[in-house]
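Protein chains in written order, with the numbering used here: chain P, 30 to 533; chain L, 2 to 411. For each residue, glycine too, the CB sits at the ideal point set by N, CA and C.
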Ligand code: SF4
Ligand code: SF4
């Protein structure tokens, strides 16, 4: 018996030799070493991950990648996926890693929610003819405008640090290290151009990116990599990362081979060392400790920028969220279980946490019950794939949605789930210069801008159809949603009526 | 038109009325052929010198616009009604049964001193659909100084708000329709002319009247859900459909109001009370929060006003009433005041008028309502999202065409 049992290949690569002109481009493009040129022909080896780089780059469309027909004997309980992972674990004895978001079908609730539209009793609005506003604020709100004894409004006493964005969208935290310099530069530039916010991710800010800091949100994670007071004072807001939806309860791990000059300088750690951020913040073991860190960050930014907290959606998310708001967070980000990651143990990626649909509604309801909802900005992320998801998420209770994976898809990512291997053929989740140079910053920026611009137009179309002319009137407006899925209990938890139920 | 959150039986069309509006600028079409195209109608009149106006005037105004209603609800509110009891809260109730009244009086006994109570005379009309509620009013004073009062930690007004909310929420069949000083609401299910006759509106005289006739789309009207909707001295007649209701309700519920009337219009009343009485915002600022300017227009405001405009949009984004509306708002504190406001696109009609002598000011959905009682009135229209404010003793404070916050910023 072999010590290692071979795991059957998942994808089949077929080269149409009639169409192939032997330009060998695909061989160069494949960063997983699957293709080779022998006997005047492109030869296919094992290991294709279906990143589709070769398929898309081939000048004659000669390559076809398809899923191999199921080789495992069909079994309803032991799916091929489960059998694969068992074999793999028996081979290696290790924790299985993966990336992107949870890969399990039962978790999508967005697809079970329908939107409302205006008919007869109120007019719908054509956003091409009339303004529909999508300007959004991020930060703590005062709850009321202060009026002095003479009945005059005191603006100085009413204003709080707040970030203005042109769309209710934030590009989520993706660190330099988990993605390439070019990819991060494109995300940041797109955020500046769109006047929205992008998260820096853990690991500081590269010197080149300081000019864009006004559109960046600095992440303070448990490793505190690259966090300097200068950095915090430059950005528009600061986010304490407690957790991430893809791996609640986990920290970060950037392997030493990715910590090259660029990363080592930005993160302020020696070349080639593993960048390990601890699972918890070792100065936060309680809500009081969190309160202290929030105060420290506010103090060091001279109360000029909002300080927020990001947590993974876990079962008790409502209570935790209210504690965080009471601890002084100006904004709160909830990351759902389908949220992406550059690397996470598969077992936690697929099995821990809560879908963002339920989490955002639960938090919105809880903050409302406690009279806190009008004081704080609620951001929600974790598989906001399209404008439709964004709109439903806002109607479920989010002021702002965080988007990562879709922005990467705009740059070329095909969600092949190999980010943890650092060999991204699209030049995104990699530090290899020959790969990251595949991202042209100008073009990638344009593509991200295009995508979000389109989302925002779709948001306006939907708002207009609902007879709403400003996005804040959709936030938590669950009256305008209906549930059409298989489990009415979910509708109840979401505080959304079932399709077919009217207003009463 | 508005939608209604009332859970109830299927929509039943009202009986064909036997009498047509006595005086109307609309052609008299037999009822079965009348186009059902209307919307709610609102009307208001106020005398700046505080002299009293007969209910006959407001009745004429609202019934002139009879094509805007479908018989599912109407109502009136009068201010300056009870000069002899001007310091007492007048709580006016609709009771569905005698038990409801008994239970209510028991609750009232715990909360307030009863100064006087009386049955409100009513005259059920044959054309109306029974059952008819028992209408009663109580002049009360909060039991201040008692231990129970002190334990609530509430201001006198908030104590009264809580009392009203508790009864409406917890006493079945009892609806407190108004609770302010020197004012009362008369409303119910029926055409405006029927409700006017039911209460014999002409017997009352007030320095200000507001009225509403209704065209609800989703349910038969119910008595307590008709307009004006009132809390303390605030009353609101609302013609509109709020597309942001879920958001607005959140804000008022967080502030302790209970939405029991099952109509989206209810939140409008509570928003006024919250922002102007409790947060002490100037009326202009509160109106701005409900019908804010577009950001592109805010950009053009002078520095301070722009800051305030942005701050109002940030702080009170849940108070923004999205969708079409025009509203008339009345209050008696500190002076009897009428506020008229339309949404920021002005998708619902609102016109103002003033008599030649300048003393009588009117607001209505349609000019004909004003002209029917004041032929010499000069008419103007408020701008979108711009409040007109008229006060007894002061006059027309704003015409609804001015810059947003005159004198509001310290
Ligand atoms: S890229 Fe296409 S055409 Fe070129 S070698 Fe590969 S398969 Fe042949
Ligand atoms: S970033 Fe690259 S490696 Fe990761 S999923 Fe996308 S294409 Fe695959």
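Can you confirm whether the region 368-383 of chain P touches the region 121-133 of chain P when touching is taken to mean that 3 or more C-beta pairs between the two stretches lie within less than 8 Å? yes
Say whether chain P places a C-beta atom closer than 8 Å to the C-beta of residue 403/L. Here residue 403/L corresponds to residue number 402 of the second chain, with the count starting at 1. Closer than 8 Å: no.
Please list the residues of the region 307-331 of chain L that have a C-beta atom closer than 9 Å to any C-beta atom in chain P, keeping them in chain order. 308, 309, 311, 312, 313, 314, 315, 316, 317, 318, 319, 321, 322, 323, 324 and 325
Is the CB-CB distance between residue 295/P and residue 205/P below 8 Å? Residue numbering aside, residue 295/P sits at position 266 when the first chain is read from its first letter. Residue numbering aside, residue 205/P sits at position 176 when the first chain is read from its first letter. Contact: yes.
Cα separation between residue 225/P and residue 304/L? Translated into positions along the first chain, residue 225/P becomes position 196. Translated into positions along the second chain, residue 304/L becomes position 303. Near 24 Å, if we compare the C-alpha coordinates of residue 304/L and residue 225/P.
On the three-pair Cβ rule with 8 Å, is the region 392-403 of chain P touching the region 365-376 of chain P? no
Among the candidates 431/P, 498/P, 509/P and 457/P, whose CA atom is the shortest distance from the CA of residue 443/P? In the first chain, the residue the question calls residue 443/P occupies position 414. Answer by Cα proximity: 457/P.
Do you know whose CA, among 42/L, 51/L and 211/L, lies nearest residue 363/L's CA? Mapped onto the second chain, residue 363/L falls at position 362. Checked all of 42/L, 51/L and 211/L; the closest Cα to residue 363/L is 211/L.
Express the C-alpha separation of residue 224/L and residue 190/L in angstroms, rounding to a whole number. Residue 190/L sits at position 189 when you count from the first residue of the second chain. Residue 224/L sits at position 223 when you count from the first residue of the second chain. Roughly 5 Å between the two C-alpha positions.
Relative to the C-alpha of residue 298/P, which residue among 284/P, 212/P, 309/P and 270/P is closest? As a first step, residue 298/P must be located in the first chain, where it is residue number 269. Nearest C-alpha to residue 298/P: 284/P.
Alpha carbon to alpha carbon, what distance is there between residue 186/P and residue 11/L? Counted from its first residue, the second chain places residue 11/L at position 10. Counted from its first residue, the first chain places residue 186/P at position 157. For residue 11/L, the predicted model reports a pLDDT of 34, less than 50, meaning its position is unreliable and no value from the coordinates is stated.
Do you know how far the Cα of residue 530/P is from the Cα of residue 351/L? Residue mapping note: residue 351/L aligns to position 350 of the second chain, counting from 1. Residue mapping note: residue 530/P aligns to position 501 of the first chain, counting from 1. Each residue's Cα considered, the two are about 33 Å apart.
Beta-carbon gap between residue 441/P and residue 411/P smaller than 8 Å: Sequence index remark: in the first chain, residue 441/P carries index 412 (1-based). Sequence index remark: in the first chain, residue 411/P carries index 382 (1-based). Contact flag unset, no.
Would you call the CB atoms of residue 215/P and residue 246/P closer than 8 Å? Taking the first chain and counting its residues from 1, one reaches residue 215/P at position 186. Taking the first chain and counting its residues from 1, one reaches residue 246/P at position 217. Contact flag unset, no.
For residue 507/P and residue 420/P, the rounded distance between their alpha carbons: Here residue 420/P is taken as the residue at index 391 of the first chain, counted from 1. Here residue 507/P is taken as the residue at index 478 of the first chain, counted from 1. Answer to the nearest angstrom: the Cα atoms are 11 Å apart.
May I ask you to list, following chain order, the residues of the region 159-178 of chain L that have a beta carbon less than 8 Å from some beta carbon of chain P? none
Rounded to the nearest angstrom, what separates residue 437/P and residue 188/L at their Cα positions? What you label residue 437/P is simply residue 408 of the first chain in a count that begins at 1. What you label residue 188/L is simply residue 187 of the second chain in a count that begins at 1. In a straight line, the C-alpha of residue 437/P is about 59 Å away from that of residue 188/L.
With residue 115/L and residue 139/L assumed to form a contact (beta carbons below 8 Å), what rounded beta-carbon distance in angstroms separates them? As a working note, residue 115/L is residue 114 in the second chain. As a working note, residue 139/L is residue 138 in the second chain. The pair is a contact, with the Cβ atoms about 6 Å apart (cut-off 8 Å).
Taking Cβ-Cβ distances below 9 Å as the criterion, which residues of the region 236-260 of chain L are in contact with chain P? 241, 242, 243, 244, 245, 246, 247, 248, 249, 250, 251, 252, 254, 255, 256 and 257
I'd like to confirm something about residue 91/P: is its beta-carbon nearer than 7 Å to some heavy atom of ligand 1, or not? On the first chain, position 62 is the one that residue 91/P refers to. Yes, the beta carbon of residue 91/P sits closer than 7 Å to at least one heavy atom of ligand 1.
Burial state of residue 228/L, where buried means 16 or more other Cβ atoms lie within 10 Å: As a position in the second chain, residue 228/L is number 227, starting the count at 1. Burial call: buried.
Chain P beta carbons: is any one of them nearer than 8 Å to that of residue 280/L? The residue labelled residue 280/L in the question sits at position 279 within the second chain. Chain P, which has a Cβ nearer than 8 Å to the Cβ of residue 280/L, makes this yes.
Between residue 161/L and residue 81/L, is the Cβ-Cβ spacing less than 8 Å? Position 160 of the second chain, counted from the start, is the residue given in the question as residue 161/L. Position 80 of the second chain, counted from the start, is the residue given in the question as residue 81/L. No.
Using a cut-off of 9 Å between C-beta atoms, extract the partners of residue 224/P located in chain L. Translated into the one-based positions of the first chain, residue 224/P becomes position 195. Ordered by position in chain L, no residue passes the 9 Å Cβ test against residue 224/P, which lies about 12 Å from the chain.
First and last residue of the uninterrupted beta strand (DSSP E) at residue 497/P: Residue numbering aside, residue 497/P sits at position 468 when the first chain is read from its first letter. Unbroken run through residue 497/P: none, as it is neither H nor E.
For residue 106/P, does the three-state DSSP call read helix, strand or coil? Taking the first chain and counting its residues from 1, one reaches residue 106/P at position 77. Three-state result, residue 106/P: coil.
Residue 422/P: first and last residue of the uninterrupted alpha helix (DSSP H) it sits in: Along the first chain, read from residue 1 onward, the residue named residue 422/P stands at position 393. Its alpha helix (DSSP H) spans residues 416-425.
For residue 74/L, does the count of other Cβ atoms within 10 angstroms reach 16, so buried, or fall short, so exposed? Stepping through the second chain from its first residue, residue 74/L is reached at position 73. With 16 or more other Cβ atoms within 10 Å, it is buried.
Beta-bridge partners of residue 66/P, as assigned by DSSP: The residue labelled residue 66/P in the question sits at position 37 within the first chain. Answer is 71/P.
Short of 7 Å in beta carbon distance, which residues of its chain neighbour residue 109/L, apart from the five on each side in sequence? Order them along the chain. By one-based count along the second chain, residue 109/L stands at place 108. Same-chain partners within the cutoff: 115, 139 and 141.
Thinking residue 252/P and residue 171/P are a contact (beta carbons under 8 Å), I'd like their distance in whole angstroms, please. Looking up residue 252/P in the first chain gives position 223. Looking up residue 171/P in the first chain gives position 142. Residue 252/P to residue 171/P, Cβ: 34 Å. No contact.
If we define contact as Cβ-Cβ less than 8 Å, is residue 359/P a contact residue for chain L? Here residue 359/P corresponds to residue number 330 of the first chain, with the count starting at 1. It does not; no Cβ of chain L falls within 8 Å.
When you compare only the Cα positions, how much space is there between residue 349/P and residue 253/L? As a working mapping, residue 349/P is identified with position 320 in the first chain. As a working mapping, residue 253/L is identified with position 252 in the second chain. Residue 349/P and residue 253/L: Cα-Cα distance of roughly 24 Å.
Distance, residue 514/P Cα to residue 140/P Cα: As a working note, residue 140/P is residue 111 in the first chain. As a working note, residue 514/P is residue 485 in the first chain. Taking the straight line joining both Cα atoms gives about 8 Å.
Are three or more beta carbon pairs between the region 106-123 of chain P and the region 415-432 of chain P nearer than 8 Å? no
Interface residues of chain L around residue 502/P at Cβ under 7 Å? Here residue 502/P is taken as the residue at index 473 of the first chain, counted from 1. Going along chain L in sequence order, the residues near residue 502/P (Cβ under 7 Å) are 244, 245, 248, 321 and 323.
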